[in-house]
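These protein sequences, in sequence, are chains A and B. For what it's worth, this note's numbering labels the leading residue of the first sequence as 1, then goes sequentially. For what it's worth, this note's numbering labels the leading residue of the second sequence as 1001, then goes sequentially. This report concerns only the one structure given below.
Protein chains: 2
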Amino acid sequence: MEQDERFMNEALREAREAADAGEIPIGAVVVWKGRIIGRGHNQTERLRDTTAHAEMIAITAATEAMGGKYLTDCTLYVTVEPCPMCAGALAWSQIGRIVYGAPDQRRGFSLFSPSLLHPRTAVTGGVLMEPCAALMLDFFRAKR
Amino acid sequence: MEQDERFMNEALREAREAADAGEIPIGAVVVWKGRIIGRGHNQTERLRDTTAHAEMIAITAATEAMGGKYLTDCTLYVTVEPCPMCAGALAWSQIGRIVYGAPDQRRGFSLFSPSLLHPRTAVTGGVLMEPCAALMLDFFRAKR
């Protein structure tokens, strides 16, 4: 639990970088054996690429770092519940565990069935939910 | 219809390139105003990246070519029904239309609900289904 909060704080740090750049503030890190092997924050505006989500960037970096295809022994920490695209990518990566902060009641993967995840992927939601959600709320309020 | 077959043949050409490289033989092209602006074939083995699907590569190339974020006036042709990850990416791209060849009865996006696609995306399945499916069958038979 303490470790989960520690790594979620690292994901939050990524999310704040996104916010500072005017991007939707979502951040992610991938952890293997207590070490961060991939980081990412949303960059859809800067890259003008609607698929440049925090998770996609972090997964690709982690896969590269592992020198291999699968992330079976890794955990993804992400500030907001992943969308179906990212959940699908996480399924293909066979990631061992997903920890997210705030739920996404509009496009979160858990709204879809059958499950979009790999059957062996464990999920924990709600870790540091409040700061994760607050970043999003502040961003969208400022946009109005 | 004739135009659909013409562009599906281009997607099949991409799929054959994947097969020749020992990759799962799926190919895709993105078309805008009768012109191909993005192509891709599955490269998960070569790139050692489980997200390097034909559609992801073609969408990123097309988005780049459009110099913008959305593919509203574009059609994606792909030899096999997209998976949830690719359907999610197509949703974010707001693509106008998806044309696929063979259905994927295990991981095809149409198996999931609510719909993984953007509400304004039109879908046509079964275009040149037989050659699209035959490529996949040949590949998996040869693997045994």
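No residue lacks a Cβ here, since even glycine has one placed at the ideal position from N, Cα and C.
With 16 or more neighbouring CB atoms inside 10 Å of its own CB, A/Ala18 falls in the buried class.
Annotation for A/Ala61: Gly38 place their beta carbon closer than 6 Å to its own, counting only its chain and skipping 5 residues before and after.
In the three-state reduction of the DSSP assignment, B/Gly1101 falls in the strand class, which pools E and B. In the DSSP assignment, B/Arg1035 falls outside any alpha helix (DSSP H) and within the unbroken beta strand (DSSP E) covering Arg1035 to His1041. Burial is judged here by how many other beta carbons sit within 10 angstroms of a residue's own beta carbon; B/Met1066 has at least 16 and is buried. Judged by DSSP in its simplified three-state form, A/Ala28 adopts strand. Going by DSSP, A/Leu90 is part of the alpha helix (DSSP H) stretching over Pro84 to Ser93.
With respect to chain A, the C-beta atom of B/Cys1083 has a partner C-beta closer than 7 Å.
For B/Asp1049, the closest Cβ of chain A is nearer than 7 Å.
At a cut-off of 7 Å between beta carbons, B/Gly1096 makes no contact with chain A. Per DSSP, the unbroken beta strand (DSSP E) holding B/Thr1079 starts and ends at Cys1074 to Val1080.
Here A/Ala52 carries a coil assignment [DSSP, helix/strand/coil].
Nearest CB-CB separation between A/Ser110 and chain B: not below the 7 Å threshold. Membership of A/Ala122 in the beta strand (DSSP E) is indicated by the continuous run Ala122 to Thr124.
With a threshold of 16 other beta carbon atoms within 10 Å, A/Thr124 falls short and is exposed.
Distance from the CA atom of B/Met1136 to the CA atom of B/Gln1003, rounded to whole angstroms, is 23 Å. B/Glu1130: member of the alpha helix (DSSP H) spanning Met1129 to Lys1143, first to last residue. Between A/Leu76 and A/Ile98, the CB-CB gap stays under 7 Å.
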